[in-house]
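**Q** I am attaching a structure below and will ask some questions about it afterwards.
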Amino acid sequence: MVLTQEQKEKHKNILIHVFKEFISICEKHNLAYFCCGGTAIGVVRHQGIIPWDDDIDILMPRDDYEKFIAIYKDNENFELITPENNNNYYLPFIKLCDKKTTILETFDNLCIIGAFVDIFPLDGVPSDKAKRQELMHNFKVNSNILAIVSKPSKVNIKNFINRLFKFQLRTAYFELFYSFDKKNKREKILKKLNDAAKLHSFQQAEIVGNLCGMYGEREFIPKEWFKTYTSLKFENLDVRMPSEYHKYLKQIYGDYMMLPPVDKRISHHNLAYFNLDKRIDIDTIVNNYDKIK
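Counting in UniProt numbering, the sequence shown runs from 1 upward without gaps.
Here's what the structure looks like:
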């Protein structure tokens with residue numbers, strides 16, 4: 001789904017509105033956070049949202065992350081979506097969403113969200129590289145299983161057959177096996193993910209990282225880089241960046257100040273359905289899918 005320039009601008013303004021809500025809660029309760037990913041690049045390179053980006057990315061040290069979940073109360077404008085409070089939600093981190101917008105990323109997972117801020121836990125990890133990689137591998141496998149057990153209960157025969165023809169045998173097995181008794185299996189997978197992420201204390205670790213990140217070993221960084229924060233401008237907001245943000249961004253992205261080729265300036269999120277004016281329930285979207293297409 002391709003957005004018009006007018007839609008992009010409206011979406012950007014809503015994202016900033018959600019981000020302001022997040023910042024206000026963190027400041028009120030003295031919770032640590034840091035801009036990360038594309039948002040951190042946006043702070044330094046664009047002093048705002050990257051023109052082709054479509055979300056806000058935030059890291060919170062594990063203790064602050066869990067305090068935020070415990071503290072936050074949904075209201076008429078915003079909602080916090082977690083794997084624990086929404087059985088259709090398929091990711092191992094949380095989103096703060098605008099309740100008056102509608103986003104469906106894929107018809108494979110029928111989870112309605114709104115324009116969102118992605119909030120990732122920053123966890124302690126082993127100093128030994130081999131142990132880190134084992135931890136990351138197991139976390140990714142269980143994250144993929146979480147996505148499967150968060151799908152509608154029925155077996156997706158089309159997906160299963162497609163996996164077989166593409167020799168994706170392990171994924172095909174997961175699709176079939178985890179299609180039954182999903183509720184119990186989902187609870188067990190969530191426990192595995194949480195236990196693994198919290199196995200190494202953030203306070204005691206020398207190396208920390210975002211296990212939900214997409215850059216593997218590059219996501220693991222000295223905790224010293226996040227010891228303090230520096231405040232920088234992002235659109236009309238003052239936001240927090242890790243004190244060593246240059247080292248952090250260089251490790252993950254290399255020359256992050258260089259613009260990507262024009263054909264790479266695209267969003268990395270899927271959009272099956274998108275509405276910036278109101279919240280629409282999943283049944284209405286699915287029942288009108290042919291019209292929406």
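A virtual CB, placed ideally from N, CA and C, is assigned to each residue, including glycine. None of the values given here were measured: they were computed from a predicted structure.
Output the distance between the C-alpha atoms of Leu59 and Phe34, rounded to the nearest integer angstrom.
**A** 5 angstroms
**Q** To the nearest angstrom, how far is the alpha carbon of residue 322 from that of Glu206?
**A** It is not possible to answer for residue 322, since the shown part of the chain is limited to 1 through 293.
**Q** Does Met241 pass the burial test, meaning 16 or more other C-beta atoms within 10 Å, or should it be called exposed?
**A** By the C-beta density criterion, Met241 is buried, having at least 16 other C-beta atoms within 10 angstroms.
**Q** Apply the 10 Å Cβ neighbour rule to Asn288 and answer buried if 16 or more other Cβ atoms are within range, or exposed otherwise.
**A** exposed
**Q** Counting contacts by CB-CB distance shorter than 8 angstroms, is Lys278 in contact with chain D?
**A** Among the chains of the structure shown, chain D does not appear; only one protein chain is present.
**Q** Check the DSSP bridge columns for Cys35 and list the partner residues they point to.
**A** Ile58
**Q** So if DSSP puts Met241 in a beta bridge, which residue, or which two residues, is it bridged to?
**A** Residue pairing from DSSP places Met241 in a beta bridge opposite Thr230.
**Q** In terms of alpha-carbon separation, which member of Asn109, Ala70, Asn85, Glu84 lies closest to Ile282?
**A** Ranking the options by Cα distance to Ile282, first place goes to Asn109.
**Q** Beta carbon of Gly114, beta carbon of Thr106: below 8 angstroms?
**A** no
**Q** For Arg138 and Ser201, what's the separation of their Cα atoms in angstroms?
**A** Reading off the sequence, residue 138 comes out as Asn, not Arg. Each residue's Cα considered, the two are about 18 angstroms apart.
**Q** Are the Cβ atoms of Ile94 and Ile69 separated by less than 8 angstroms?
**A** yes
**Q** Starting from the C-beta of Arg186, find all residues in its chain whose C-beta is less than 8 angstroms away, skip the five residues before and the five after it, and write them out in chain order.
**A** Asn87, Leu146, Val149, Ser150.
**Q** Using CA atoms only, rank isn't needed, just tell me which of Asp238, Ala272, Ile280 is closest to Gln47.
**A** Asp238
**Q** Among the residues of its own chain, which have a CB less than 7 angstroms from the CB of Glu235, if the five just before and after it don't count?
**A** Ile16, Gly48, Ile49
**Q** Is it right to say Ala197 is buried, meaning 16 or more other beta carbons lie within 10 angstroms of its own, or is it exposed?
**A** When all chains shown are included, Ala197 counts as buried.
**Q** Can you list, in chain order, the residues of its chain with a C-beta nearer than 8 angstroms to that of His269? Leave out the 5 residues immediately preceding and following it.
**A** Asp54, Asp55, Glu105
**Q** Applying the 10 Å Cβ sphere with the 16-neighbour rule, what's the burial state of Thr39?
**A** By the 10 Å Cβ count, Thr39 comes out buried.
**Q** If you check the beta carbons only, do Ile81 and Asn142 fall under 8 angstroms apart?
**A** no
**Q** By the three-class DSSP mapping on this structure, what secondary structure does Cys97 have?
**A** strand
**Q** Could you tell me the boundaries of the beta strand (DSSP E) in which Asn275 lies?
**A** 273-275
**Q** Just to confirm the assignment, what range does the alpha helix (DSSP H) spanning Glu27 have?
**A** Taken as a continuous stretch (DSSP letters only), the alpha helix (DSSP H) holding Glu27 covers 5-29.
**Q** Please classify Leu199 as buried or exposed, where buried requires at least 16 other C-beta atoms within 10 Å of its C-beta.
**A** exposed
**Q** Where does Leu211 land, buried or exposed, given buried means 16+ other C-beta within 10 angstroms?
**A** buried
**Q** Does the beta-carbon of Glu76 have 16 or more other beta-carbons within 10 angstroms, so that it is buried, or is it exposed?
**A** exposed
**Q** Return the bridge partner residues of Leu80 from the DSSP annotation.
**A** Leu96
**Q** Starting from the C-beta of Lys20, find all residues in its chain whose C-beta is less than 8 angstroms away, skip the five residues before and the five after it, and write them out in chain order.
**A** Hits under 8 angstroms: Leu237.
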